[in-house]
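Inspection log for the structure reproduced underneath, given as structure tokens.
Residue numbers (this note's numbering): 80 to 176.
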């Protein structure tokens, strides 16, 4: 699990922090879903497809990173639910045959 610097717990199962790269420090989200053994760590990307940089703790960038981290957590939860539903429907179809 990559270590996140300047990290802060935003909500249950969501932590936002930074990692140093060659291009500078950018924000990452660490998302832990209920019942999962491991956390997902992904870079936070804005609507234009750019990484959100740390810029010495800029409050504006931190707030933007939080917003996109919440959206990312929601999308991961939805995709997980969709995978579970599709797996269950495949299992039901196999049992019917």
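Each residue gets a CB set at the ideal place from its N, CA and C atoms; glycine is no exception.
Between the CA atoms of residue j and residue i - distance to the nearest angstrom
i           : j           : result
residue 121 : residue 166 : 25 Å
residue 147 : residue 140 : 11 Å
residue 158 : residue 134 : 32 Å
residue 137 : residue 145 : 12 Å
Sequence-distant residues of its chain with Cβ nearer than 6 Å to residue i (five each side left out)
i           : result
residue 101 : none
Distance CB(residue i)-CB(residue j) smaller than 8 Å
i           : j           : result
residue 104 : residue 132 : yes
residue 83  : residue 152 : no
residue 118 : residue 110 : yes
residue 114 : residue 107 : no
Residue range of the unbroken beta strand (DSSP E) whose run includes residue i
i           : result
residue 87  : 84–90
residue 100 : 93–100
residue 119 : 119–122
Proximal residues to residue i (C-beta, below 8 Å), its chain only, five neighbours per side dropped
i           : result
residue 156 : 112
residue 143 : 125 and 131
Segment limits, alpha helix (DSSP H) that includes residue i
i           : result
residue 147 : 138–175
Which residues DSSP lists as bridging residue i, in chain order
i           : result
residue 104 : 99
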